[in-house]
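Q:
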Amino acid sequence: MGEYVINVNQETSFENNEAQSGGAIFMKTFVNSTNLKCNFSGNSGSNGGGVYMKQHIENVNVDTLFTNNKAKSDGAAVFMDTQVKSKNIRCLFNGNVASGEGGALNAEKNTISINVQQRIRRRSTECSIFRKYLYY
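Following the numbering used here, the numbering of the sequence shown begins with -1 at its first residue and continues without gaps.
#1: Shortest alpha-carbon distance to K70 belongs to which of G46, C89, Q53?
#2: I'd like the list of long-range same chain contacts for L34, defined as Cβ closer than 6 Å, with 5 residues on each side in sequence excluded.
#3: T65 lies in the beta strand (DSSP E); which residues open and close that run?
#4: Determine the direct distance from the alpha carbon of V29 to that of N14, and round the result to whole angstroms.
#5: Return yes when the Cβ of V3 is within less than 8 Å of the Cβ of S31, no when it is not.
#6: With distance defined between alpha-carbon atoms, name the residue in F91, E99, I55, S97 nearest to C36.
#7: Can you check whether the CB of D72 is closer than 8 Å to the CB of M51?
#8: Identify, in the order they occur along the chain, each residue of the same chain with its Cβ nearer than 7 Å to the Cβ of S19, setting aside the five sequence neighbours on each side.
#9: Helix, strand or coil: which one does DSSP assign to E56?
#10: Starting from F38, follow the beta strand (DSSP E) in both directions and report where the run begins and ends.
#11: Whole angstroms are fine: how far does the CA of G40 sit from the CA of T27?
#12: Give every residue of the same chain whose Cβ lies closer than 6 Å to the Cβ of S11, excluding the five residues on either side of it in the sequence, and list them in chain order.
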């Protein structure tokens, strides 16, 4: 299986996209390095209104503005599923809304080494950041 590197620079915006999972970006299986420095605004999905990361995603660096993204379930801005490793999240979350858990970020099962430095405005669910069995 091949491994992939994803780099999105500061001049990129993802606006008003809609998908089942990951309104703007859906990453699945064997992404070796992900660097996101961009804007996500008005995107929607069932899980991960802005970004959905699933299975074997490593070396994730996110330095991004998430504004007015929506999830019908969990993780309005970002939803991270199994085996997402080494994450550095430095973001501004503003006005993101999830019907379930994680108004800003939802980190499910087996997420490892999460370092979140964020500013959150307008907490939209019972917690802004949700990690399976632990609320932040």
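Note that the Cβ used here is the ideal one computed from N, Cα and C, for glycine as well. Just so we're clear, the structure is a prediction, and the values are computed from it rather than from any experiment.
A: Inspection of the coordinates gives the following:
#1: G46
#2: V6, V60, T62
#3: 63 to 65
#4: 25 Å
#5: yes
#6: F91
#7: no
#8: G43, S44, N45, G46, Y50
#9: coil
#10: 37 to 39
#11: 26 Å
#12: N37
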